[in-house]
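A.B. asks: Going letter by letter, the sequence shown gives residues 656 to 897 in my numbering. Beta carbons are placed, not taken as given, at the ideal position from N, Cα and C, and that holds for glycine.
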Amino acid sequence: MNVPNHVAIILDGNGRWARKKRMPRGYGHMVGCDNLEKICYTARDLGIKYLTVYAFSTENWKRSREEVDGLMNLFRRYLKRCIKSSRENEMCVRVIGETSVFDDDIQESIRTLEDYSKDYRKLYFQIALNYGGRDEILRAVSKLSADVRDGKQSADAITSDTFEAYLDTAGIPDPDLMIRTSGEQRLSNFLLWQLSYSEFYFTDVLWPDFNKEELVKAIRQYNNRDRRFGAVKGDPSCSQQD
Ligand code: FPP
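1) Taking 6 Å as the limit between beta carbons, can you name the residues of its chain near A873, skipping five residues before and five after?
2) Hey, how far is the Cα of T697 from the Cα of W848?
3) Just how far apart, CA to CA, sit Q895 and D724?
4) What would DSSP say about Q876, mapped onto helix, strand or coil?
5) Residues bridged to C747 by DSSP?
6) So what does DSSP say about I813, is it helix, strand or coil?
7) What do you reckon, are the CB atoms on V803 and N785 nearer than 8 Å?
8) Nearer than 7 Å: is that true of the beta carbon of I792 relative to any heavy atom of the ligand FPP?
9) Could you spell out where the alpha helix (DSSP H) holding V686 opens and where it closes?
10) Using only alpha-carbon positions, find the residue among G702, N669, L666, V748 that is nearest to V871.
11) Please state whether DSSP places R835 in a helix, a strand or coil.
12) Does the ligand FPP have a heavy atom nearer than 7 Å to the CB of N728?
13) Would you mind working out which of G787, D689, T754, A663 sits nearest S843, comparing C-alpha positions?
14) G838: which of N660, G668, P659, N879 sits nearest, CA to CA?
15) Locate the alpha helix (DSSP H) running through T767, then write down its first and last residues.
16) Should L691 be listed as close to the ligand FPP, given that the test is whether its C-beta is under 7 Å from any heavy atom?
17) Can you name the residues that DSSP bridges to V662?
18) Taking 7 Å as the cut-off, does the CB of L666 come closer than this to any heavy atom belonging to the ligand FPP?
19) Considering only heavy atoms of the ligand FPP, does any lie closer than 7 Å to the CB of A710?
20) Around the Cβ of A810, are there at least 16 other Cβ atoms within 10 angstroms (buried) or fewer (exposed)?
21) Is it buried or exposed for R732, if we count other Cβ within 10 angstroms and need 16 for buried?
22) Quick check: what's the CA-CA separation for C893 versus G806?
23) Which term fits G752, buried or exposed, when burial requires 16 or more other beta carbons within 10 angstroms of its beta carbon?
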């Protein structure tokens with residue numbers, strides 16, 4: 656099996672999973688959180704090098720106060736617990752998104768986790784929190800404009816590489832495979848720049864049920880796709896992606 660270098664996942668369906676069990680939505684998020692921990696071990700075991708998950712979008716603040724508060728408490732606990740799994744997985748953790756809006760203790764936990772795990776190299780794990788692709792691009796444009804204004808960048812010499820260095824994902828290769836659980840077939844503002852050439856895999860499985868078997872199924876389907884780079888299929892001299 657040819658394992659993709661970078662897998663990105665939109666974690667979706669916690670609420671429906673809980674409803675099916677006649678449980679509150681928060682219970683679905685809690686089990687979804689446990690599942691995220693398991694998937695990190697699975698990704699490491701399979702040899703996936705980069706894993707990026709969409710855990711909380713810039714839109715998710717519109718959910719009920721009760722649900723948002725519950726999610727914040729879940730993140731609080733998870734970020735602390737993640738120290739242990741980062742050590743066990745030798746996993747370097749980075750949080751992407753606009754994190755300055757979170758409560759101070761959450762920001763502090765993010766810094767502690769990133770700092771603790773920064774030298775691990777087995778798996779690079781990105782958690783998108785208060786993340787939106789458009790927001791990320793706008794923040795990047797704003798930082799780049801400031802550098803042009805200050806003479807640190809030349810406006811005529813901006814390339815894709817220059818721009819990527821301003822994104823939250825700077826230094827991380829683009830995802831090869833993007834998975835969305837729970838039957839929805841939308842990007843929902845996830846990694847808009849980075850997913851330009853990625854393969855997409857949609858499954859009806861709800862996030863809390865998405866296990867190793869389902870991940871392997873997604874990878875096998877990815878393996879069966881024609882990954883075409885350039886106009887002529889299989890021609891190694893073609894490097895431009897289509
Ligand atoms: C989508 O399910 C899930 C979320 C908005 C939150 C994702 C959070 C977790 C999986 C918790 C673990 C993550 C971390 C980083 C601790 P949904 O509520 O949209 O489900 P629904 O579409 O069925 O209602």
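C.D. replies: With the given structure in hand:
1) The residues are I834, Y856.
2) Distance between the alpha carbons of T697 and W848: 27 Å.
3) Bear in mind that a pLDDT of 47 at Q895, under 50, signals an unreliable position, so the number given afterwards is only what the model happens to contain. Distance from the CA atom of Q895 to the CA atom of D724, rounded to whole angstroms, is 45 Å.
4) Helix, per DSSP.
5) Under DSSP, the beta-bridge partners assigned to C747 are Y779.
6) I813 sits in coil when the DSSP states are folded into three classes, being neither helix nor strand.
7) Between V803 and N785, the gap from beta carbon to beta carbon reaches 8 Å or more.
8) Checking the Cβ of I792 against the ligand FPP gives no.
9) Looking at the DSSP string, the run of the alpha helix (DSSP H) that includes V686 is 680–701.
10) The shortest Cα separation from V871 among G702, N669, L666, V748 belongs to G702.
11) Under the three-state reduction of DSSP output, R835 falls in the strand class.
12) Checking every heavy atom of the ligand FPP against the Cβ of N728, none is found closer than 7 Å.
13) Taking only the C-alpha atoms, the option nearest S843 is G787.
14) Ranking the options by Cα distance to G838, first place goes to G668.
15) It spans 759–772 - the alpha helix (DSSP H) in which T767 sits, taken as one unbroken run.
16) L691 Cβ: within cutoff of the ligand FPP.
17) Answer is L706, L832, bridged to V662.
18) Answer for L666: yes, Cβ within range of the ligand FPP.
19) Yes, the ligand FPP has a heavy atom inside 7 Å of this Cβ.
20) By the 16-neighbour rule on beta-carbons within 10 angstroms, A810 is exposed.
21) Exposed.
22) Because C893 carries a pLDDT of 47, less than 50, the predicted location of this residue cannot be relied on, and no value is offered for it.
23) Burial call: buried.
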